[in-house]
Structure formats: structure tokens, C-alpha cells
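Student: Read left to right, the sequence shown gives residues 17 to 397 (the numbering used here). Structure incoming, see below.
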Amino acid sequence: MTTGVESLPKQTKAGSRANHGRVIWAIARKDLAEITTNSQFIVMSLLPVLIFLVYRLMVSGISTSSILDIAVYDLGNSQLVNAMQESATIELHIVTSEEALQAQIDEGEMTGIQIPANFDADVTAGDMPALNVWLNPADGLASETAEWQRFIEAEILKLGQQTLPAQIEWTEVESDDLSVGTGLNSYLLIVVITMVFFLTGANLVALLITEEKEKKMGVVLINSPANPYHVVLGKSLAGIIGIAATLSIVILLNGGLTGNWPLALLYMTVTLPITLGISILTGSLVQSSKQCNSWLGVGMILILIPAWFSNLLKLPEPFETIFSFVPTHFLVQGLSDALNNSEVAEANSGNLAVWLSVMVVVVGLTAWRLWQNPRSIIEPA
Numbered sequence: 017m018t019t020g021v022e023s024l025p026k027q028t029k030a031g032s033r034a035n036h037g038r039v040i041w042a043i044a045r046k047d048l049a050e051i052t053t054n055s056q057f058i059v060m061s062l063l064p065v066l067i068f069l070v071y072r073l074m075v076s077g078i079s080t081s082s083i084l085d086i087a088v089y090d091l092g093n094s095q096l097v098n099a100m101q102e103s104a105t106i107e108l109h110i111v112t113s114e115e116a117l118q119a120q121i122d123e124g125e126m127t128g129i130q131i132p133a134n135f136d137a138d139v140t141a142g143d144m145p146a147l148n149v150w151l152n153p154a155d156g157l158a159s160e161t162a163e164w165q166r167f168i169e170a171e172i173l174k175l176g177q178q179t180l181p182a183q184i185e186w187t188e189v190e191s192d193d194l195s196v197g198t199g200l201n202s203y204l205l206i207v208v209i210t211m212v213f214f215l216t217g218a219n220l221v222a223l224l225i226t227e228e229k230e231k232k233m234g235v236v237l238i239n240s241p242a243n244p245y246h247v248v249l250g251k252s253l254a255g256i257i258g259i260a261a262t263l264s265i266v267i268l269l270n271g272g273l274t275g276n277w278p279l280a281l282l283y284m285t286v287t288l289p290i291t292l293g294i295s296i297l298t299g300s301l302v303q304s305s306k307q308c309n310s311w312l313g314v315g316m317i318l319i320l321i322p323a324w325f326s327n328l329l330k331l332p333e334p335f336e337t338i339f340s341f342v343p344t345h346f347l348v349q350g351l352s353d354a355l356n357n358s359e360v361a362e363a364n365s366g367n368l369a370v371w372l373s374v375m376v377v378v379v380g381l382t383a384w385r386l387w388q389n390p391r392s393i394i395e396p397a
């Protein structure tokens with residue numbers, strides 16, 4: 017890796033604050049040039065984006081089946097059933113009892129409709145009969161469900177009334193299935209966001225530190241205007257820019273953030289110093305890029321995968337309890353709540369408090385390590 021020391025400003029280490037800023041920016045600029053030209057760093061930065069695109073294409077391919085399953089309990093041979101049977105986007109499941117209708121809604125995860133006896137005659141007479149509908153837009157078919165709602169209203173209006181001649185009660189069926197619309201999209205986004213921070217970002221800064229240590233650039237840095245703290249700040253700045261760029265691409269491809277996006281941004285803001293702290297601490301402890309890849313790669317996977325699975329699945333004990341103590345569990349839970357709900361849940365204050373505590377601990381350990389041995393950043397032990 018090129019050192020870029022020749023680009024550092026030629027001022028003394030006791031210079032002004034402006035001189036410190038120029039030294040830090042010179043180091044960051046050199047590292048940014050390395051990130052954008054080194055194939056390893058390019059692949060590392062773009063891997064989360066590629067994973068996001070591949071999964072989105074797979075999900076969109078699965079959900080392009082626009083067939084909506086509808087369970088129908090018709091007590092009076094309504095014309096609505098005939099109209100729905102003629103639609104190419106609807107598959108009807110005729111049931112013969114209210115119990116069977118509820119079973120299809122609960123177990124089959126489909127939309128249901130109960131049409132009372134004499135419904136058509138009551139509509140024609142203007143008696144405003146009741147029509148009960150259960151909405152269950154599973155498998156990402158929320159738009160198809162909304163289209164079907166308009167279809168039902170249009171078929172009833174064909175009777176020639178100026179206003180809708182029926183009292184339709186729409187009941188939305190709650191579901192915890194992550195394959196439903198926003199749930200699946202937000203889960204994928206959470207996985208990729210955490211990958212950007214803890215796999216791409218953490219490795220990026222740590223590798224920038226260890227590669228220079230491998231090339232024994234400490235002596236050169238000692239004779240330049242930079243000190244170890246300039247190196248840390250410069251590489252951190254380069255890492256921040258790299259992480260922000262990758263996150264921006266992912267969020268743009270996602271079409272923005274959903275739910276309570278300010279809270280989601282707050283979680284990401286708190287995560288940034290945690291990522292930098294882990295990467296700087298690792299860079300100061302290991303002596304080679306190979307060690308960095310091994311230790312940091314395995315370590316980050318071990319703290320991420322339990323958090324991903326605990327949010328996706330209901331795990332059996334004792335795994336549910338064990339995984340709930342993994343620090344990233346609180347980040348994933350907090351992001352999930354923020355992205356799926358417009359209002360802040362009461363439990364989210366606890367998640368945020370724990371995650372802030374993690375930030376204080378990681379930043380504190382990193383600061384203590386640099387205070388004890390600042391030269392560990394620029395030369396091997």
C-alpha cells in the first residue's frame with residue numbers, strides 16, 4: 017500500500033489546530049485513494065450492496081405471483097362470487113361454514129369474505145347489508161389486496177347506486193411472518209446495514225492500520241508531521257466516508273427508510289463509533305492483515321448471526337436467552353422496531369439505552385488502549 021506520507025503538510029507537530037486538520041485530512045485522503053483503487057477494498061465495500069440487490073431480485077421474483085387466495089363463505093349464491101371467479105388474479109377457496117372460513121384465514125394465511133344470505137337482493141333494495149371481509153395480505157401481496165378491495169366495491173356499485181349500497185367491514189389480520197411486505201424488506205435492510213458496519217466498515221479501517229504496520233511505516237510517520245493520534249483520526253475519517261457512501265447506496269436502492277426513520281438514523285449514528293472503536297482496537301492489537309481478517313471476520317460473524325436469527329425466528333431455549341445477551345441483538349431489535357413502526361415502542365428505549373452503553377464501553381476501551389500504547393497503531397509490537 018502506498019504511504020502517501022509525502023503528501024502530508026510540512027509543519028511541526030506543535031502546529032495550530034488548522035495544521036492538525038490538514039494532517040488528518042491528508043491521511044484520510046491518501047486512505048480514500050487506496051480504498052477506491054485497491055480491488056480488495058472495492059469488493060469489501062460493494063459486497064453488501066451486491067447481496068442486497070441479489071436478495072431484492074429474488075424476493076421480487078417470488079412475490080411477482082399476483083394470484084390472491086380468497087376464502088369465501090357464501091350463504092346465498094351472490095353474484096360477487098361469480099365476478100371473482102372470472103378474475104385471473106384471484107383464486108377462490110369456497111368453504112361451507114364459518115368455522116372453515118376462519119380456519120382458512122388463520123392457517124392458510126389468505127383473505128376471507130363472508131357473504132350473507134339475500135345479500136344481492138338487499139343491495140338492490142338499498143337496505144345496506146353488512147359484508148364482512150378479513151384482509152390478510154401475506155407473501156408480499158399488499159398491493160393485490162388493495163386492488164381486490166377496489167374490485168369488490170366496484171362490483172357492488174354496478175348495481176347502479178350512487179353510493180355504496182352495503183356496509184363493508186374490513187378487518188386486517190395481524191401477522192408476525194417476516195415474509196409479509198415491509199417485514200421482509202426491513203429484515204433484509206437490517207441485515208445489510210449491520211453488514212456494512214461490522215463486516216465492511218470494521219475490516220476497512222483495521223486493514224488500513226495493519227497493512228501500514230506490516231510495511232513498517234512507523235519510522236516514516238515519526239519523521240513526518242503526523243503522530244499516532246493523527247493516524248487514528250485520519251483513518252477513522254476515511255472509514256466514516258466509506259461507510260456513509262455504502263449505506264447511502266443501500267438506502268437509495270431500498271427507496272429510503274420506512275417507519276420511524278429518525279430513530280433508525282439515531283441507531284446508525286450510535287453504531288458508527290462502535291464500529292470505529294472495534295476496528296481501531298483490532299488494528300492496534302494484531303500485527304498483520306492476515307490476523308486482522310481472521311480475528312475480526314470470525315468475531316463479527318459471531319456477534320451478527322445470533323442477532324439476525326433471534327429477530328427472524330422464535331428460537332428454543334436456552335438459545336433464545338443466550339442470544340438475547342449478544343450486544344448486536346439490541347441494535348437489530350431497535351432497528352426492526354424503528355423501520356416497521358412509525359411510533360416508538362416502549363421497549364425500544366431499553367434497546368437504545370443498552371446500545372448506548374455498548375458504545376461507551378467500546379469507545380472507552382479503545383481510548384484506554386491508545387493512551388496506554390499509542391505507537392501500537394503505527395508499528396508492530
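Note that CB positions come from ideal geometry on N, CA and C, so glycine has one too.
Comparing alpha-carbon positions, which option in LEU220, ILE225, VAL248, ALA369 lies nearest GLN349?
Tutor: Locating residue 349 in the sequence shown gives position 333, counting from the first residue. The shortest Cα separation from GLN349 among LEU220, ILE225, VAL248, ALA369 belongs to ALA369.
Student: Are the beta-carbon atoms of SER310 and GLU227 separated by less than 8 Å?
Tutor: Sequence index remark: in the sequence shown, residue 310 carries index 294 (1-based). Sequence index remark: in the sequence shown, residue 227 carries index 211 (1-based). No, these two residues do not count as a Cβ contact at 8 Å.
Student: Looking at C-alpha atoms only, which residue of GLU123, ILE209, GLY380, GLU114 is the closest neighbour of GLY272?
Tutor: Counting from 1 along the sequence shown, the entry for residue 272 is found at position 256. With distances taken between Cα atoms, GLY272 lies closest to ILE209.
Student: Is it buried or exposed for ALA137, if we count other Cβ within 10 angstroms and need 16 for buried?
Tutor: The residue labelled residue 137 in the question sits at position 121 within the sequence shown. Classification for ALA137: exposed.
Student: Between the Cα of THR105 and those of ILE86, LEU96, GLU123, ASN93, spot the shortest distance and give me the residue it belongs to.
Tutor: The residue labelled residue 105 in the question sits at position 89 within the sequence shown. Minimum Cα distance to THR105 is reached at ILE86.
Student: By Cβ distance, which residues of its chain are closer than 8 Å to ILE58, with the 5 residues on each side in sequence left out?
Tutor: One-based indexing of the sequence shown puts residue 58 at position 42. If we look at ILE58 and ignore the five residues flanking it on each side, its Cβ neighbours are ILE51, THR52.
Student: Around the C-beta of VAL221, are 16 or more other C-beta atoms found within 10 angstroms, so that it is buried, or is it exposed?
Tutor: Against the sequence shown, residue 221 aligns to sequence position 205. Per the 10 Å Cβ criterion, buried.
Student: Decide if the segment 284 to 297 is in contact with the segment 67 to 75; the criterion is three or more beta carbon pairs, one per stretch, under 8 Å apart.
Tutor: Flag = no, the segment 284 to 297 and the segment 67 to 75 do not touch.
Student: Compute the distance between the beta-carbons of LEU399 and ASN270, then report whether it is under 8 Å.
Tutor: The displayed coordinates of the chain run from 17 to 397. Any statement about residue 399 would go beyond what the structure contains.
Student: By the 10 Å Cβ neighbour count, where 16 or more other Cβ atoms means buried, how is PHE335 classified, buried or exposed?
Tutor: Numbered from 1 along the sequence shown, position 319 holds the residue referred to as residue 335. It counts as exposed.
Student: Tell me the rounded alpha-carbon separation between VAL355 and GLY142.
Tutor: On the sequence shown, residue 355 is found 339 positions in, with the first residue counted as 1. On the sequence shown, residue 142 is found 126 positions in, with the first residue counted as 1. Looking at the sequence itself, residue 355 is Leu, so the reference to Val does not match. Computed Cα separation, rounded: 44 Å.
Student: State buried or exposed for LYS231, treating a residue as buried only when at least 16 other CB atoms are found within 10 Å of its CB.
Tutor: Working through the sequence shown from its first residue, we reach residue 231 at position 215. Its Cβ having fewer than 16 others within 10 Å, LYS231 is exposed.
Student: Helix, strand or coil: how does DSSP classify THR105 here?
Tutor: Here residue 105 is taken as the residue at index 89 of the sequence shown, counted from 1. Correct three-state label for THR105: coil.
Student: Kindly indicate the opening and closing residues of the alpha helix (DSSP H) around GLY271.
Tutor: Counted from its first residue, the sequence shown places residue 271 at position 255. Careful: GLY271 lies outside any alpha helix (DSSP H) and carries neither H nor E.
Student: Excluding sequence positions up to five away, which residues of its chain have a Cβ less than 7 Å from the Cβ of SER202?
Tutor: Indexing the sequence shown from 1 puts residue 202 at position 186. Result list for SER202: THR274, SER352, LEU355, ASN356, in chain order.
Student: Check ASP1 in the structure and name its three-state DSSP category.
Tutor: Residue coverage of the chain in this structure runs from 17 to 397, which leaves residue 1 outside it and unanswerable.
Student: Could you say if the segment 290 to 302 and the segment 377 to 390 meet the contact criterion of at least three C-beta pairs nearer than 8 Å?
Tutor: At 8 Å Cβ cutoff, the stretches touch.
Student: What's the gap between the Cα of VAL88 and the Cα of ILE172?
Tutor: Within the sequence shown, residue 88 is the residue found at index 72, counting from 1. Within the sequence shown, residue 172 is the residue found at index 156, counting from 1. Taking the straight line joining both Cα atoms gives about 16 Å.
Student: With distances taken between CB atoms, is the gap from SER358 to SER340 smaller than 8 Å?
Tutor: Residue 358 sits at position 342 when you count from the first residue of the sequence shown. Residue 340 sits at position 324 when you count from the first residue of the sequence shown. Not a contact, by the Cβ cut-off of 8 Å.
Student: Measuring CA to CA, which of LEU96, VAL302, ILE40, ILE265 is closest to GLU169?
Tutor: Position 153 of the sequence shown, counted from the first residue, corresponds to residue 169. Nearest C-alpha to GLU169: LEU96.
Student: HIS109 and GLN118 - do their beta-carbons sit closer together than 8 Å?
Tutor: As a position in the sequence shown, residue 118 is number 102, starting the count at 1. As a position in the sequence shown, residue 109 is number 93, starting the count at 1. Against a cut-off of 8 Å, the Cβ pair of HIS109 and GLN118 comes out as no contact.
Student: Could you name each continuous alpha helix (DSSP H) segment of 4 residues or more that falls completely within the segment 292 to 357, going from the start of the chain to the end?
Tutor: For the segment 292 to 357, whole alpha helix (DSSP H) runs of length 4 or above, ordered along the chain, are 305 to 328, 335 to 339, 343 to 356.
Student: In this structure, how does DSSP classify ASN98 when only helix, strand and coil are distinguished?
Tutor: As a working mapping, residue 98 is identified with position 82 in the sequence shown. ASN98 falls in the helix class under three-state DSSP.
Student: What would DSSP say about ASN148, mapped onto helix, strand or coil?
Tutor: In the sequence shown, residue 148 corresponds to position 132, counting from 1. Three-state DSSP puts ASN148 in a strand.
Student: If you run the structure through DSSP and keep just helix, strand and coil, what is GLY128?
Tutor: Taking the sequence shown and counting its residues from 1, one reaches residue 128 at position 112. Three-state DSSP puts GLY128 in a strand.
Student: Between which residues of its own chain and GLU114 is the CB-CB distance below 8 Å, once the five residues before and five after are set aside?
Tutor: Translated into positions along the sequence shown, residue 114 becomes position 98. Within the same chain, GLU114 has close Cβ partners TYR89, GLN130.
Student: In chain order, what residues of the same chain have a beta carbon less than 8 Å from the beta carbon of SER61, not counting five sequence neighbours either side?
Tutor: Locating residue 61 in the sequence shown gives position 45, counting from the first residue. Closer than 8 Å at Cβ, skipping near neighbours: ILE51, THR216, LEU220, GLY258, ALA261, THR262.
Student: I think VAL207 touches TRP324, with their Cβ atoms under 8 Å apart; what is that distance to the nearest whole Å?
Tutor: Counted from its first residue, the sequence shown places residue 207 at position 191. Counted from its first residue, the sequence shown places residue 324 at position 308. Indeed, because the Cβ distance is near 6 Å, the residues count as touching under 8 Å.
Student: For MET375, does the count of other Cβ atoms within 10 angstroms reach 16, so buried, or fall short, so exposed?
Tutor: The count along the sequence shown starts at 1 and reaches residue 375 at position 359. With 16 or more other Cβ atoms within 10 Å, it is buried.
Student: Quick check: what's the CA-CA separation for LEU224 versus ASN243?
Tutor: Your numbering for residue 224 matches position 208 in the sequence shown. Your numbering for residue 243 matches position 227 in the sequence shown. The alpha-carbon atoms of LEU224 and ASN243 are separated by roughly 16 Å.
Student: Would you please state the rounded distance, in angstroms, between the beta carbons of PHE135 and SER94? I believe it to be under 8 Å.
Tutor: Mapped onto the sequence shown, residue 135 falls at position 119. Mapped onto the sequence shown, residue 94 falls at position 78. Contact holds; Cβ gap of about 5 Å.
Student: Would you list the one or two residues that DSSP bridges to VAL376?
Tutor: Looking up residue 376 in the sequence shown gives position 360. Bridge partners of VAL376: none, in fact.
Student: Kindly indicate which three-state DSSP category LEU91 falls into: helix, strand or coil?
Tutor: For the purposes of this step, residue 91 is identified with residue 75 of the sequence shown, where counting begins at 1. DSSP places LEU91 in coil when its eight states are reduced to three.
Student: Compute the Euclidean distance between the alpha carbons of GLY156 and PRO132, then round it to the nearest angstrom.
Tutor: Working through the sequence shown from its first residue, we reach residue 156 at position 140. Working through the sequence shown from its first residue, we reach residue 132 at position 116. Any reading at GLY156 needs caution, since the residue's pLDDT is 48, under 50, leaving its predicted position unreliable; the model's value is listed next. One C-alpha to the other measures close to 29 Å.
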